[in-house]
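These notes are about the structure you will find just below.
Structure below.
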């Protein structure tokens with residue numbers, strides 16, 4: 034196994050694109066030949082525009098590109114020319130477009146990696162997955178559970194590769210005065226920042242001193258800013274979209290994740306790696322990361338009063354706050370170490386490759 038290709042034709046930047054970007058760099062650092070197929074105007078392709086190490090193939094974002102025979106042949110020739118051993122898809126649309134060209138190019142292994150607890154609804158897509166996809170990877174037990182429940186034909190085909198971060202911090206910091214709270218996410222209904230603002234209003238009415246830093250952008254930005262004005266929350270500071278959230282995580286004491294549904298949250302894991310205590314909605318994927326309240330605190334999803342209660346108690350117990358900061362950091366250090374998790378992913382890919390190439394020697398697959 035020498036050549037790996039990542040297939041991601043999303044134009045915007047999100048968790049999947051971040052994962053593919055970091056995975057490309059990981060496999061480069063491990064000595065693999067790395068290729069990338071992506072949207073011609075996409076953020077992911079742009080990240081590698083100055084790289085001479087990653088082989089790039091640009092595609093359009095057209096929905097029915099998989100019906101274009103010229104597109105199919107160009108993808109086949111690209112995969113064949115670069116002698117791709119393993120092809121890693123990001124979405125169902127990627128599979129629809131790239132799976133057949135991969136078959137024509139005799140790519141040995143095709144895998145699908147999903148960061149969200151999705152399941153396959155379309156019957157034609159089910160057939161493609163059943164016939165062409167060797168393994169499905171998701172980043173949480175919840176994602177695996179949902180996929181298996183909704184798509185029985187995937188039972189036994191799904192493995193977990195946890196998200197991770199590069200561990201840099203060696204000790205947690207002290208607590209700020211006033212306490213700094215934070216959130217980093219898209220501004221949409223899924224992320225439910227409205228519940229956070231309602232809880233902050235209750236904190237202010239209870240004379241709690243705090244500062245809230247919120248990073249992101251999206252369709253609800255105007256609504257959230259209007260709510261902030263309506264609640265007279267001068268403690269709230271909108272930071273806009275941040276390419277790098279490092280400085281945010283360094284400043285805060287408590288990270289709040291209010292999602293109504295979620296995959297395995299990169300933002301949550303990254304924040305914990307900086308020694309921040311976390312208060313999260315009690316959806317399964319969040320509870321998985323915080324070990325069912327052992328390494329963080331959960332509140333009932335969408336319940337601003339419950340969120341207020343948890344924040345009030347934590348802010349007013351500085352010793353508990355320091356303890357939860359340390360626990361969060363140790364959790365990530367032990368379970369979400371990026372390098373360890375990606376090495377495990379690499380081993381999984383090798384096992385699949387070897388099973389499909391029983392006559393290969395060690396030198397053939399590394």
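Residue numbers (our numbering): 34 to 399.
Virtual Cβ for every residue (Gly too), placed ideally from N, Cα, C.
Note that the structure is a prediction, hence the values are computed from the model and not measured.
In terms of alpha-carbon separation, which member of 364, 352, 355 and 310 lies closest to residue 321?
Taking the chain shown and counting its residues from 1, one reaches residue 321 at position 288. Looking at the Cα atoms, 364 is the closest of the given residues.
To the nearest angstrom, how far is it from the Cα of residue 372 to the Cα of residue 141?
Position 339 of the chain shown, counted from the start, is the residue given in the question as residue 372. Position 108 of the chain shown, counted from the start, is the residue given in the question as residue 141. If I take the Cα positions, the gap works out to 25 Å.
Could you check what DSSP says for residue 223 in three-state terms: helix, strand or coil?
As a working note, residue 223 is residue 190 in the chain shown. Three-state result, residue 223: coil.
I need the straight-line Cα distance from residue 384 to residue 190, nearest angstrom please.
Locating residue 384 in the chain shown gives position 351, where the first residue counts as 1. Locating residue 190 in the chain shown gives position 157, where the first residue counts as 1. Approximately 13 Å between the Cα atoms of the pair.
Please return the same chain residues whose Cβ sits closer than 6 Å to the Cβ of residue 275, not counting the five positions on each side in sequence.
The count along the chain shown starts at 1 and reaches residue 275 at position 242. Closer than 6 Å at the Cβ level, and outside the excluded window around residue 275, lie 248.
Here's the rule I'm using: 16 or more other beta-carbon atoms within 10 Å means buried, otherwise exposed. How should residue 292 be labelled?
Sequence index remark: in the chain shown, residue 292 carries index 259 (1-based). It is buried - the Cβ of residue 292 has at least 16 other Cβ atoms within 10 Å.
Among residues of its own chain, excluding the 5 on either side of residue 212, which ones have a beta-carbon nearer than 6 Å to its beta-carbon?
Stepping through the chain shown from its first residue, residue 212 is reached at position 179. Around residue 212: 243, 286 and 348.
Would you tell me roughly how many angstroms separate the C-alpha atoms of residue 369 and residue 360, rounded to the nearest one?
For the purposes of this step, residue 369 is taken as residue 336 along the chain shown, with counting starting at 1. For the purposes of this step, residue 360 is taken as residue 327 along the chain shown, with counting starting at 1. Spanning the two alpha carbons is a distance of roughly 13 Å.
By the three-class DSSP mapping on this structure, what secondary structure does residue 56 have?
Looking up residue 56 in the chain shown gives position 23. Reduced to three states, the DSSP call for residue 56 is helix.
What is the residue span of the beta strand (DSSP E) that residue 332 lies within?
Translated into the one-based positions of the chain shown, residue 332 becomes position 299. Its beta strand (DSSP E) spans residues 330-332.
Taking the C-alpha atoms as reference points, what is the distance between residue 232 and residue 278?
By one-based count along the chain shown, residue 232 stands at place 199. By one-based count along the chain shown, residue 278 stands at place 245. For residue 232 and residue 278, the distance between alpha carbons rounds to 23 Å.
Determine whether the beta carbon atoms of residue 120 and residue 38 lie at a separation below 7 Å.
Here residue 120 refers to the residue found at position 87 of the chain shown. Here residue 38 refers to the residue found at position 5 of the chain shown. The answer is yes: Cβ separation under 7 Å.
Identify the residues that DSSP records as bridge partners of residue 215: which are they?
The sequence position of residue 215 within the chain shown is 182, counting from 1. Answer is 246 and 288, bridged to residue 215.
Pair every Cβ in the region 223-238 with every Cβ in the region 333-350, then say whether three or more of these pairs are closer than 8 Å.
Contact between the region 223-238 and the region 333-350 is present, because at least three Cβ pairs lie under 8 Å.
Go ahead and pull the three-state DSSP assignment for residue 43.
Taking the chain shown and counting its residues from 1, one reaches residue 43 at position 10. Of the three classes helix, strand and coil, the one that applies to residue 43 here is coil, per DSSP.
Any chance you could list the alpha helix (DSSP H) runs of at least 4 consecutive residues sitting entirely within the region 110-146, in chain order?
Counting only runs of 4 or more, we get 125-137.
Is it buried or exposed for residue 186, if we count other Cβ within 10 angstroms and need 16 for buried?
Stepping through the chain shown from its first residue, residue 186 is reached at position 153. Flag for residue 186 reads exposed.
Would you kindly work out how many angstroms separate the C-alpha atoms of residue 184 and residue 163, rounded to a whole number?
As a position in the chain shown, residue 184 is number 151, starting the count at 1. As a position in the chain shown, residue 163 is number 130, starting the count at 1. Computed Cα separation, rounded: 10 Å.
For residue 76, which three-state DSSP category applies?
The residue labelled residue 76 in the question sits at position 43 within the chain shown. In the structure shown, residue 76 sits in a helix (DSSP, three-state: H, G or I).
Quick one: residues in its chain with C-beta nearer than 6 Å to the C-beta of residue 337, no 5 flanking neighbours on either side, listed in chain order?
Here residue 337 is taken as the residue at index 304 of the chain shown, counted from 1. Answer for residue 337: 228, 231 and 232, listed in chain order.
Between the C-alpha atoms of residue 270 and residue 62, what's the straight-line distance to the nearest angstrom?
Taking the first residue of the chain shown as 1, we reach residue 270 at position 237. Taking the first residue of the chain shown as 1, we reach residue 62 at position 29. Rounded to the nearest angstrom, the two C-alpha atoms are 38 Å apart.
Over the uninterrupted alpha helix (DSSP H) stretch that includes residue 192, give me the two end residues.
Position 159 of the chain shown holds residue 192. From DSSP, residue 192 is part of no alpha helix (DSSP H) but of the beta strand (DSSP E) over 191-193.
Using CA coordinates, which residue listed in 65, 266, 40 and 54 is at the minimum distance from residue 34?
The count along the chain shown starts at 1 and reaches residue 34 at position 1. Residue 65 is the option with its Cα nearest to residue 34.
In chain order, what residues of the same chain lie with their CB nearer than 6 Å to the CB of residue 159, ignoring the 5 residues before and after it?
Residue mapping note: residue 159 aligns to position 126 of the chain shown, counting from 1. Contacts found: 153.
Would you mind stating whether residue 357 and residue 297 have Cβ atoms separated by less than 7 Å?
For the purposes of this step, residue 357 is taken as the residue at position 324 of the chain shown. For the purposes of this step, residue 297 is taken as the residue at position 264 of the chain shown. Not in contact: residue 357 and residue 297 (Cβ atoms no closer than 7 Å).
With DSSP run on the structure shown, which of helix, strand or coil describes residue 253?
Indexing the chain shown from 1 puts residue 253 at position 220. In this structure, residue 253 counts as coil in the three-state DSSP scheme.
Kindly identify the DSSP beta-bridge partner or partners of residue 38.
Here residue 38 refers to the residue found at position 5 of the chain shown. 68 and 120, per the DSSP bridge assignment.
Going by C-alpha distance, which of 122, 136 and 261 is nearest residue 116?
Translated into the one-based positions of the chain shown, residue 116 becomes position 83. Residue 136 is the option with its Cα nearest to residue 116.
Mapping the DSSP letters down to three states, classify residue 398 as helix, strand or coil.
Here the question's residue 398 lines up with position 365 in the chain shown. Model confidence at residue 398 stands at a pLDDT of 47, short of 50, so the residue's coordinates are unreliable; what they give is reported in the following sentence. If DSSP states are grouped into helix, strand and coil, residue 398 belongs with the helices.
Measure the alpha-carbon distance for residue 301 versus residue 68 and round it to whole angstroms.
Working through the chain shown from its first residue, we reach residue 301 at position 268. Working through the chain shown from its first residue, we reach residue 68 at position 35. Looking at the two C-alpha atoms, the distance is approximately 29 Å.
Helix, strand or coil, according to DSSP, for residue 174 in the structure here?
Along the chain shown, read from residue 1 onward, the residue named residue 174 stands at position 141. Three-state DSSP puts residue 174 in a helix.
Which first and last residues belong to the beta strand (DSSP E) in which residue 88 is found?
The sequence position of residue 88 within the chain shown is 55, counting from 1. That run of the beta strand (DSSP E) goes 88-92.
Taking the beta carbon of residue 401 as the centre, do at least 16 other beta carbons fall within 10 Å, making it buried, or is it exposed?
Only positions 34 to 399 of the chain appear in this structure, which leaves residue 401 out of reach.
Alpha carbon to alpha carbon, what distance is there between residue 390 and residue 134?
Residue 134 sits at position 101 when you count from the first residue of the chain shown. Residue 390 sits at position 357 when you count from the first residue of the chain shown. Straight-line Cα distance between these residues: approximately 20 Å.
Going by CA-CA distance only, name the one from 218, 112, 331 and 223 that's closest to residue 272.
On the chain shown, residue 272 is found 239 positions in, with the first residue counted as 1. Of the listed residues, the one whose Cα sits closest to residue 272 is 218.
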